[in-house]
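A.B. asks: I'd like to ask you about the structure that follows.
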Amino acid sequence: MIFILTGAGISQESGIDTFRDKGGLWRKVRVEDVATPAGFRRDAAKVHRFYNQRRKELTSSRRVPNAAHLALAELALTLDRGEVFLVTQNVDDLHERAGSPEVCHLHGSLLSALCLNCGRRSDWKGDMDRSSSCPKCAQKGGLRPDVVWFGERPFHFDLVYEMLSRCSLFVSIGTSGAVYPAAGLVGGAKASGAKTLEINVVPTGREKLFDEGLYGPATEMVPLWTEKLIKNK
Ligand code: APR
Numbered sequence: 256m257i258f259i260l261t262g263a264g265i266s267q268e269s270g271i272d273t274f275r276d277k278g279g280l281w282r283k284v285r286v287e288d289v290a291t292p293a294g295f296r297r298d299a300a301k302v303h304r305f306y307n308q309r310r311k312e313l314t315s316s317r318r319v320p321n322a323a324h325l326a327l328a329e330l331a332l333t334l335d336r337g338e339v340f341l342v343t344q345n346v347d348d349l350h351e352r353a354g355s356p357e358v359c360h361l362h363g364s365l366l367s368a369l370c371l372n373c374g375r376r377s378d379w380k381g382d383m384d385r386s387s388s389c390p391k392c393a394q395k396g397g398l399r400p401d402v403v404w405f406g407e408r409p410f411h412f413d414l415v416y417e418m419l420s421r422c423s424l425f426v427s428i429g430t431s432g433a434v435y436p437a438a439g440l441v442g443g444a445k446a447s448g449a450k451t452l453e454i455n456v457v458p459t460g461r462e463k464l465f466d467e468g469l470y471g472p473a474t475e476m477v478p479l480w481t482e483k484l485i486k487n488k
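Residue numbers (our numbering): 256 to 488.
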């Protein structure tokens, strides 16, 4: 089974900002203010503005899946079911819109709302603020973006570790490897004997962890890689 971990770099050519590149999101706003529970407690309105802006951009017609998203979807649909396990750190829905059958969102989803009153999740495409009411319990004032903030536990980690122990190939696409526990997955894959491949626009300085590297824009490198796999299927 092929374990694929994607990061913001796979969506960069779709016009979605990365975090740590030049011009990235964390160069424009402070993580502490918009991506921590304490920041939300301190100024929920500021956090809502930040995610409302990203949701507006994501749902605008100009942000569409690119050739890399489409290539991964084609790979999963061409190989036998269960042969590809796709985990993304991204909160966009571009993998789903590209047609990937199953996407494991480690850090949650921009288009989902979590109600702190009833604990339930709802699809959410528009703006959110303290006056928004939960579609499930109708209470106001308890909605937050359904994303994982720094200091919070990523989603689905038990499943992720289970699949990691079973993969024969681990492919990291468009991620800087700056944030744990996602950044530690390649080490886990290596420890369980998997081959490891990094696909990124530039090397991320973790050459010791990757057996191979494909360096260039994801829209060129990912299709190159998947076409080879599909041909040798
Ligand atoms: N093609 C391939 N790789 C690219 C491209 C591209 N067109 N553009 C950028 N990249 C690469 C960069 O070289 C970098 O290694 O994508 C990576 C983006 O790194 P980050 O901005 O750190 O994003 P990511 O690794 O996804 O961040 C992980 O950090 O802040 C948290 O929750 C946030 O999920 C995010 C996590």
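For glycine and all other residues, C-beta sits at the position ideal for the given N, C-alpha and C.
1) Return helix, strand or coil for ARG296, following the three-state DSSP convention.
2) Residues bridged to VAL426 by DSSP?
3) Looking at the unbroken alpha helix (DSSP H) that takes in GLU329, where does it start and where does it end?
4) May I ask you to verify whether the region 278-289 touches the region 373-383, counting CB pairs closer than 8 Å and requiring at least 3?
5) Please check the pair CYS422 and ILE257, which I expect to be a contact at CB under 8 Å, by giving their CB distance rounded to whole angstroms.
6) Between the Cα of SER315 and those of ALA323, GLU462, LYS380, spot the shortest distance and give me the residue it belongs to.
7) What's the gap between the Cα of LEU365 and the Cα of ARG309?
8) Are the region 473-481 and the region 314-328 touching by the rule of at least three beta carbon pairs closer than 8 Å?
9) Which word fits GLU417, buried or exposed, when buried means at least 16 other C-beta atoms lie within 10 angstroms of its C-beta?
C.D. replies: Judging by the given coordinates:
1) The residue given as residue 296 occupies position 41 in the sequence shown. ARG296 falls in the helix class under three-state DSSP.
2) Residue mapping note: residue 426 aligns to position 171 of the sequence shown, counting from 1. Answer by DSSP bridge pairing, in chain order: ILE259, LEU452.
3) By one-based count along the sequence shown, residue 329 stands at place 74. Residues 322-333.
4) no
5) Within the sequence shown, residue 422 is the residue found at index 167, counting from 1. Within the sequence shown, residue 257 is the residue found at index 2, counting from 1. Going by Cβ atoms, the distance from CYS422 to ILE257 rounds to 7 Å, so yes, they are a contact pair.
6) Taking the first residue of the sequence shown as 1, we reach residue 315 at position 60. That would be LYS380, whose Cα lies nearest to the Cα of SER315.
7) Walking along the sequence shown from the start, residue 365 turns up at place 110. Walking along the sequence shown from the start, residue 309 turns up at place 54. Cα-Cα distance, rounded: 8 Å.
8) yes
9) Position 162 of the sequence shown, counted from the start, is the residue given in the question as residue 417. Flag for GLU417 reads exposed.
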